[in-house]
Amino acid sequence: MITLSEPPRLVRPTTAVRTSYLTGEQADCLLRGTDTDWLGPASEDFDAFVAARDHDKERWDVMSTVYWYVSEEHYLGTLVVRHTLTPELAVDGGHIGYHVVAPWRRQGHATRMLELGLERAREHGVSRALLTCVPSNEPSRRVIEKNGGALDEQLGNELRFWIG
Ligand SMILES: CC(C)(COP(=O)(O)OP(=O)(O)OC[C@H]1O[C@@H](n2cnc3c(N)ncnc32)[C@H](O)[C@@H]1OP(=O)(O)O)[C@@H](O)C(=O)NCCC(=O)NCCS
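And the structure:
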């Protein structure tokens, strides 16, 4: 495994991790069999790609902040804080969404990234955070529970957890 000389931090999207972001996300998409088309424009104009994400913005009909989990030149994953909930997000999505790209999984990064993300969420006024995941997503459930997530109920396909 690659040794990180600096503990990863949650930062606003930055052009400083261009190569590792693009290769990490591409590896992740190929592993999951998801769409890779968006990587073309992102690689052609990474400055514009970052500029569209480096500030608070309305997404999913609520204000949201995107963070990247970064150690020096290494991009490890993304965490999104939604400042409020809609009825839809209250069932599926919650306040915080995240992923760690495939090369960095199973090394405790998501667990630590969510811990830091909860601090950021509090700065955005989210003192009690809702997190959701499908029952089959055991890794995500572990990440939520290790951060103090208390299971509320299953609504639709999603398990709902509250932290705080
Ligand atoms: C879920 C996800 C963020 C976990 O990232 P990660 O960095 O691998 O997580 P961690 O290393 O912090 O591991 C957390 C726990 O899950 C376990 N785990 C991780 N991947 C696992 C796997 N594939 N199978 C079984 N357990 C797994 C770890 O062993 C750890 O458990 P432990 O502390 O009891 O040993 C990552 O798999 C991912 O990005 N998945 C796709 C996107 C996603 O599902 N996001 C969440 C949507 S709700």
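Counting in my numbering, the sequence shown runs from 22 upward without gaps.
By construction, the Cβ of each residue, glycine as well, lies at the ideal position given by its N, Cα and C atoms.
Remember, predicted model here, so these are calculated numbers, not experimental data.
What residue range is occupied by the uninterrupted beta strand (DSSP E) comprising residue i?
| i | result |
| --- | --- |
| A171 | 171-176 |
| T40 | Unbroken run through T40 is the alpha helix (DSSP H), 39-53; no beta strand (DSSP E). |
| Q57 | The amino acid occupying residue 57 in the given sequence is Thr; Gln does not appear at that position. Unbroken run through T57: none, as it is neither H nor E. |
| T99 | 95-103 |
| R181 | 179-184 |
| V87 | 83-92 |
| G118 | 117-121 |
Determine the extent of the alpha helix (DSSP H) in which residue i is found, giving its start and end residues.
| i | result |
| --- | --- |
| S161 | 159-167 |
| H130 | 130-144 |
| V71 | 67-72 |
Could you give the DSSP three-state label for residue i: helix, strand or coil?
| i | result |
| --- | --- |
| L25 | coil |
| V147 | coil |
| V32 | strand |
| E79 | strand |
Rounded to whole angstroms, what's the CA-CA distance from residue i to residue j? Just pull it up for me.
| i | j | result |
| --- | --- | --- |
| I184 | N158 | 18 Å |
| G170 | R141 | 16 Å |
| E46 | T36 | 15 Å |
| A123 | A48 | 7 Å |
| T44 | A63 | 11 Å |
| T40 | D66 | 12 Å |
| C154 | L180 | 5 Å |
Kindly indicate if chain C contains any beta-carbon less than 7 Å away from that of residue i.
| i | result |
| --- | --- |
| T40 | Among the chains in the structure shown there is no chain C, since it carries only a single protein chain. |
(message) Can you confirm whether the segment 76-91 touches the segment 146-161 when touching is taken to mean that 3 or more C-beta pairs between the two stretches lie within less than 8 Å?
(response) Taking 8 Å as the limit for Cβ pairs, the verdict is that the segment 76-91 does not touch the segment 146-161.
(message) For the pair the segment 51-67 and the segment 105-119, tell me if three or more CB-CB distances fall below 8 Å.
(response) no
(message) Three Cβ pairs or more, each shorter than 8 Å: is that satisfied between the segment 28-43 and the segment 64-82?
(response) yes
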